[in-house]
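Novice:
Residue numbers (the numbering used here): 17 to 301.
Here is the structure:
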């Protein structure tokens, strides 16, 4: 990109997260399109004020006279197999709590292209979180040209009838493995929903799926307490209560710092999710 567009458009910055985002806000506020990168989501916290108090509120506080809608923030997140506590975190829930910024998480290369293009041309600032272990493991055909996927729309990636499993990003691949185990071993039919956009999330599609299956599991790498799965579970409980045949389950990371030596024990892998699938069906009323 640097060779094609030159140093005026593609350049490295000092390793100063609040400066990177502040610069991007300025470009966007002046009418430009800025794609800023935070090298690891674990280090996005110094820029937290710039994102939630400046970028997210720029339009609101000016009465729609100004905005930072041209800003897209890319950042790798999540487990990678050897990242330890400072290169493995999933901080998406922090930003879903902030009105004015959208949060997007792709599960694959084709999804990444379609969602990233939509994020760049979205009239609101977007935090685009990329599952880092997919960088070297994901292989997929990607459409050429201007291929966009609408933000705010979830997708059913596996049809099923017995239980709805909700996730996003790299966790979708883990959930697919768990669903295959449940089908092969127990004859349980799982429907997998990839949210793709966490803020705003596609409530309508999720509710239709849960109404159909009567059971629900939400799974993410981030810790259980305060994770975005709690928001999903609460909304389902409120809107689908009379359709539920079993308690909603959350299969997530533990409420500890992300460990290096014990990463395999920490992450919500296919076996934990498989156990939750079987348990949820067995608990049905």
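C-beta: ideal position from N, C-alpha, C; glycine also.
On the three-state DSSP scale, how would you describe residue 292?
Specialist: Residue 292: helix per DSSP, three-state reduction.
Novice: Answer with buried or exposed for residue 122, where buried requires no fewer than 16 other C-beta atoms within 10 angstroms of its C-beta.
Specialist: Residue 122 should be labelled buried.
Novice: Are residue 87 and residue 54 closer than 9 Å when you measure CB to CB?
Specialist: Taking 9 Å as the Cβ cut-off, residue 87 and residue 54 do not qualify as a contacting pair.
Novice: Are residue 252 and residue 268 close, meaning C-beta to C-beta below 9 Å?
Specialist: In this structure, residue 268 does not lie closer than 9 Å to residue 252 by Cβ.
Novice: I need the straight-line Cα distance from residue 157 to residue 125, nearest angstrom please.
Specialist: About 8 Å.
Novice: I'd like the ranges of any alpha helix (DSSP H) spanning at least 4 consecutive residues and lying wholly in the stretch 87-157.
Specialist: Within the stretch 87-157, the complete alpha helix (DSSP H) runs of at least 4 residues are 108-112, 125-136, 150-153.
Novice: Can you tell which of 62, 189, 279, 82 has its C-alpha closest to the C-alpha of residue 44?
Specialist: Among 62, 189, 279, 82, the Cα nearest to that of residue 44 is on 82.
Novice: How far does the beta strand (DSSP E) with residue 234 in it extend, from its first residue to its last?
Specialist: Residues 232-239.
Novice: So residue 246 and residue 301 are in contact, right, with Cβ under 8 Å, and what is the actual spacing, rounded?
Specialist: Rounded, the Cβ-Cβ distance is 23 Å, inconsistent with contact.
Novice: Can you tell which of 117, 186, 114, 94 has the C-alpha that lies nearest to the C-alpha of residue 107?
Specialist: The residue with the shortest Cα to Cα distance from residue 107 is 94.
Novice: For residue 174, report the span of its alpha helix (DSSP H) as first-last.
Specialist: Here residue 174 belongs to no alpha helix (DSSP H); instead the beta strand (DSSP E) covers 171-174.
Novice: Quick one: is residue 287 buried, meaning 16 or more other Cβ sit within 10 Å of its Cβ, or exposed?
Specialist: With fewer than 16 Cβ atoms within 10 Å of its Cβ, residue 287 is classed as exposed.
Novice: Answer yes or no: the CB of residue 273 versus the heavy atoms of the ligand PLP, is any distance below 8 Å?
Specialist: In the structure shown, the ligand PLP is absent, as is every other ligand, since no ligand is present at all.
Novice: Tell me which residue opens and which closes the alpha helix (DSSP H) that residue 266 is part of.
Specialist: Here residue 266 belongs to no alpha helix (DSSP H); instead the beta strand (DSSP E) covers 265-269.
Novice: Using the Cα positions of residue 21 and residue 273, report the straight-line distance between them to the nearest angstrom.
Specialist: One C-alpha to the other measures close to 41 Å.
Novice: Quick one: give me the first and last residue of the beta strand (DSSP E) that residue 37 is part of.
Specialist: Looking at the DSSP string, residue 37 is not in any beta strand (DSSP E); the run it does join, the alpha helix (DSSP H), is 33-45.
Novice: Please list the segments of the alpha helix (DSSP H) lying wholly inside the stretch 182-233, counting only runs of 4 or more residues, in order along the chain.
Specialist: If we require 4 residues or more, the alpha helix (DSSP H) runs fully inside the stretch 182-233 come out as 187-202, 219-229.
Novice: Where residue 191 and residue 176 are concerned, what is the direct C-alpha to C-alpha distance, given to the nearest angstrom?
Specialist: Residue 191 and residue 176: Cα-Cα distance of roughly 13 Å.
Novice: Return the chain-ordered list of same chain residues with a C-beta closer than 7 Å to the C-beta of residue 49, the five sequence neighbours on each side being excluded.
Specialist: Correct list, in chain order: 86, 136.
Novice: Per DSSP, which one or two residues make a beta bridge with residue 279?
Specialist: BP columns for residue 279 are empty, so no partner.
Novice: Within this structure, are the beta carbons of residue 180 and residue 228 separated by less than 9 Å?
Specialist: Yes, these two residues count as a Cβ contact at 9 Å.
Novice: Looking only at its chain, what residues have a beta carbon closer than 8 Å to the beta carbon of residue 138, apart from the 5 residues adjacent to it on each side?
Specialist: Closer than 8 Å at Cβ, skipping near neighbours: 85, 88, 118, 167.
Novice: Using CA coordinates, which residue listed in 51, 46, 56, 34 is at the minimum distance from residue 62?
Specialist: Comparing Cα-Cα distances from residue 62 to each of 51, 46, 56, 34, the minimum goes to 34.
Novice: For residue 114, which residues in the same chain have their Cβ closer than 6 Å to its Cβ, ignoring the five residues on either side in sequence?
Specialist: The residues are 68, 72.
Novice: In chain order, what residues of the same chain lie with their CB nearer than 8 Å to the CB of residue 65, ignoring the 5 residues before and after it?
Specialist: For residue 65, where only same-chain residues beyond five positions count, the Cβ hits under 8 Å are 34.
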